[in-house]
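Just add 176 to wherever you are in the sequence shown, counting from 1, and you've got our numbering. Idealized CB from N, CA, C, for every residue including glycine. Computed from a prediction, not measured in an experiment: that's the story for all the values here.
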Amino acid sequence: MPQLQRFYASEEEFQRIHGQLKLLQCPYCRQTGMLIKNGITYGYPDKPGIRDEIRGHRIYCSKRGNRTGCGHTVGMFRSEFIRYFSLTALLLWQFWQGCVSGGSKIGAFRALGTSMHESGAYRLYRCLQRNHSRIRTILLRHSSAPSPPRTPDPLRHTLLHLKAVFPEASSPISAFQQTFQISFLS
Ligand SMILES: [Zn+2]
């Protein structure tokens with residue numbers, strides 16, 4: 177029986193998953209038929225005029241009534257967003273590209289045109305540094321790394337690897353989350 181996925185590409189895809197919830201396994205207790213929709217996760221978009229947007233859904237493994245689920249709540253997320261950040265996957269990708277192409281972190285951050293405070297640039301960069309070897313390990317399971325660039329910057333190398341795995345993707349970080357069903361930053 178297929179397991180509930182953690183990332184989805186669009187609300188249309190989520191609605192399809194919602195229609196099949198009874199047929200999906202809970203990722204915690206592996207029981208089928210216990211999952212029910214339990215709420216929406218909103219985010220605060222970096223776009224003027226929009227107050228909030230749906231970034232995910234919460235799914236509950238029900239132990240109410242005659243159901244024997246485990247009581248865990250499973251978070252599902254749209255792959256174009258980054259958990260715990262208001263920045264989208266596409267903006268994170270642009271920031272990362274800016275950082276490894278020789279510019280300053282603040283410069284790369286300003287180029288995004290986001291209303292986030294600039295101190296976010298350092299937080300984001302530290303997050304990339306903390307996660308990049310984990311990301312590379314996942315990518316290596318999928319395909320070997322491209323030949324090392326002349327500057328042995330590990331963050332740049334990981335970026336090139338991600339680009340090589342998803343050459344057609346406009347947002348390789350969204351493609352990573354959607355394909356591997358794993359959060360890009362942990
Ligand atoms: Zn369960």
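From what residue to what residue does the beta strand (DSSP E) around residue i run?
i, result
"residue 253", "249–254"
"residue 217", "211–219"
For a test of your reading of the model: does the CB of residue i fall under 8 Å from any non-hydrogen atom of ligand 1? Yes or no.
i, result
"residue 210", "yes"
"residue 181", "no"
"residue 184", "no"
"residue 220", "no"
"residue 251", "no"
"residue 247", "yes"
"residue 275", "no"
"residue 176", "Residue 176 lies beyond the stretch modelled for the chain, which goes from 177 to 362, so this question has no answer here."
"residue 303", "no"
"residue 207", "yes"
Report, in whole angstroms, the separation of the C-beta atoms of residue i and residue j, which I expect to be a contact under 8 Å.
i, j, result
"residue 234", "residue 214", "5 Å"
"residue 357", "residue 190", "Not quite, the Cβ-Cβ distance comes to about 14 Å (not below 8 Å), so this is no contact."
"residue 180", "residue 202", "7 Å"
"residue 341", "residue 361", "So it is not a contact: roughly 17 Å between Cβ atoms."
"residue 230", "residue 220", "Not a contact, Cβ separation roughly 12 Å."
Can you name the start and end residues of the alpha helix (DSSP H) that residue i belongs to?
i, result
"residue 298", "295–318"
"residue 282", "281–286"
"residue 349", "348–356"
"residue 229", "Per DSSP, residue 229 belongs to no alpha helix (DSSP H); it is in the beta strand (DSSP E), 229–237."
"residue 330", "330–341"
"residue 381", "No statement about residue 381 is possible, as the shown extent of the chain runs from 177 to 362 and does not include it."
Considering only heavy atoms of ligand 3, does any lie closer than 8 Å to the CB of residue i?
i, result
"residue 202", "Among the ligands in the structure shown, ligand 3 does not appear; only ligand 1 can be found there."
For residue i, which beta-bridge partners are listed by DSSP?
i, result
"residue 184", "254"
**Asked** Is the segment 237–254 touching the segment 266–276, taking contact as three or more C-beta pairs under 8 Å?
**Response** no
**Prompt:** Using 8 Å as the Cβ pair cut-off and three pairs as the minimum, do the segment 306–321 and the segment 285–292 touch?
**Reply:** no
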